[in-house]
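The sequence shown begins at 1456 in this note's numbering and counts up one residue at a time.
As structure tokens, the structure follows; a few thoughts come after it.
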Amino acid sequence: MNDVAAYRNRRERLALNMGRGIAVLSAAPERVRSRDAYHPYRFDSYFYYLTGFREPEAVLVLLAGDTPRSLLFCRDKDPERELWDGPRHGPAGALEKFGFDAAHGIAELEVRLPDLLADQPALFCDLGSDEKWDARIIGWLNAVRARARAGVAAPGEIRDIRVLLDEMRVIKDASELAVMRRAASISAAAHCRAMGVARPGLAEYHLEAELLHEFRRNGAQSPAYPCIVAAGPHACVLHYVENDGPLRDGDLVLIDAGCELDGYASDITRTFPVNGKFTSAQRDIYDLVLAAQAAAMAEIKAGAAWNAPHDAAVRVLTQGLLDLGLLQGGLEEALESAAYTRYYMHRTGHWLGLDVHDAGEYKRQGQWRTLQPGMALTVEPGCYIHPGETVPERYWNIGIRIEDDVVVTPQGREVLTHEVPKSAADIEALMAR
Ligand code: GLY
Ligand code: MN
Ligand code: MN
């Protein structure tokens, strides 16, 4: 299936899931960074999922029913603007290249949308994601309502299009998995590069620069989220992003970084010694987190509950923390009281895809949902030890997380990020080269 066919197929599946009615979805707005400078444009994940179209100022309209139709409204060609900002597809180009059934200039939306909404039983949209867009939707609905005496009815039902799209997005198709494999591979190379360069005397930002360099030179458009390069005690700050501290001899450095390639995120964490050799205290905690990750990985298979990897990681971590004297008492009692949350305060994973914390429900009617082939998720246990009276001093300020990206397969799982070493021995071997 080529890309155009993949996007068309998604629109057709969405129309089937809608049953009847009309869907209206906007491209993301451009956002000012400061004064005349804009943030690099990032398309809306839902809009991109259905269109593959990367320009701003575009709207997709999808008519469900016996003969579903998809219409794109987009910027007209404009030689003057294109001279400054680069080429635009224009409606004719969009129609030809993206497989829509019709395409129009964006200005026509104001005129055509009330007609398209008229007498549709349901409107599927994403109310609440952007106030200005919400106001426009309400305006079009009111324009239809104003024609009630002419016998025209506005949609009686407003439905959240995200409910349908989230369920589609949670199972990745073949073309998505191909991009995700490549994104994971680029991020793996970036982590290896950072490990290879690290040494005492550098700063965290030197490693960040290596990551960004490797992402970009392989064609990834940007990081999927701000890189975390956290040395020494910074590793215990979960969302540390300053990346301006020193890499000290004897400290660990935790790197959580992944590129975004053609819209798809990767998300890897590795923790390694700045000088290339783990101390025995660091090794105690490192091997424990690695064992917790292995236990979580083993639970990833079709039919398993979403929570099974987390429960497995927590059990291994808790036993290890007891063995190391970081927790007291018995295993069941420590699990019952969730004593581990002092050192492990986040969950073991999340959906991964167009968004790093991707769309998709985790529970259904109060029950953790079951894993199915095509689901992509992270596995990322960690352990973060703040200084404290009951904490042996040799463990103070150690922060470790190990994170990989995994896809559920009919046979078990595929680890997308396997190219970056993970055992202490393999990391030390890479750093010694
Ligand atoms: N890097 C974001 C996360 O690990 O969830
Ligand atoms: Mn991460
Ligand atoms: Mn993650």
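We treat Cβ as the ideally placed atom computed from N, Cα and C, and that holds for glycine.
Just so it is clear, the structure is predicted and the values come from calculations on it, not from any experiment.
The beta carbon of Leu1515 sits closer than 7 Å to those of Leu1480, Phe1502, Leu1505, Thr1506, Ser1525, Leu1527, all from its chain and outside the five residues before and after it, given in chain order.
Glu1551 is positioned such that its CB atom lies no closer than 9 Å to that of Arg1530.
Of all C-beta pairs linking the region 1607-1624 to the region 1567-1582, three or more are shorter than 8 Å, placing the two stretches in contact.
When rounded, the separation of the alpha-carbon atoms in Asp1570 and Asn1597 is 12 Å.
Secondary structure of Ile1593 (DSSP, three-state): helix.
By the rule of a C-beta closer than 6 Å to any heavy atom of ligand 3, the residues picked out are Asp1722, His1805, Thr1833, Glu1835, Glu1858. Between Pro1678 and Gly1651 the beta-carbon gap is near 19 Å, outside 8 Å, which marks them as no contact. For Val1811, the CB falls within less than 8 Å of some heavy atom of ligand 1. In this structure Lys1627 is buried. Its beta-carbon is surrounded by 16 or more other beta-carbon atoms within 10 angstroms. Look at Lys1587 here: in three-state DSSP terms it is helix. Contact annotation: Val1729 and Pro1655 have beta-carbon atoms nearer than 9 Å. About 4 Å separates the Cβ atoms of Gly1854 and Cys1691, confirming a contact at the 8 Å cut-off. For Gly1713, the shortest C-beta to heavy atom distance toward ligand 2 is below 8 Å. In the three-state reduction of the DSSP assignment, Tyr1850 falls in the helix class, which pools H, G and I.
Between ligand 2 and Tyr1680, a heavy atom-to-CB distance of less than 8 Å is present. Remark: C-beta atoms of Val1875 and Arg1637 do not approach each other more closely than 9 Å. The secondary-structure analysis by DSSP pairs Cys1714 across a beta bridge with Pro1678.
Beta-bridge pairing by DSSP links Pro1728 to Leu1707.
Judged by pairs of C-beta atoms under 8 Å, the region 1733-1752 touches the region 1761-1777, as three or more such pairs exist. Restricting attention to Ala1759, Glu1788, Phe1727, the CA atom closest to the CA of Pro1865 is found in Ala1759. Given a length threshold of 4 residues, each whole run of the alpha helix (DSSP H) inside the region 1462-1521 is given here in chain order: 1500-1506. Ranking His1805, Arg1849, Leu1779 by CA distance to the CA of Tyr1817 puts His1805 first. Contact check for His1494 against Ala1643 fails: the beta carbons are separated by 9 Å or more. When secondary structure is reduced to three states using DSSP, Gly1560 falls in the strand class. In this structure, the CA atom of Ala1757 is about 13 Å from the CA atom of Leu1832. Of the candidates Ser1792, Met1752, Gly1784, Met1752 places its Cα closest to the Cα of Leu1826. In the structure shown, the three-state DSSP call for Pro1610 is coil. Gln1822 counts as exposed, since fewer than 16 other C-beta atoms from the protein chains shown sit within 10 angstroms of its C-beta.
For Thr1773, the uninterrupted alpha helix (DSSP H) segment begins and ends at 1763-1778. In this structure, the beta-carbon distance from Val1769 to Thr1803 falls below 9 Å. Here Leu1809 is buried: its Cβ has 16 or more other Cβ atoms, across all protein chains shown, within 10 Å.
When rounded, the separation of the alpha-carbon atoms in Gly1815 and Met1623 is 8 Å. A direct Cα-Cα distance of roughly 13 Å separates Cys1838 from Leu1782. In this structure, the C-beta of Thr1726 stays at least 8 Å away from each heavy atom of ligand 2.
DSSP lists Thr1724 as the beta-bridge partner residues of Glu1858. Distances from the CB of Ile1855 to the heavy atoms of ligand 1 are all 8 Å or more.
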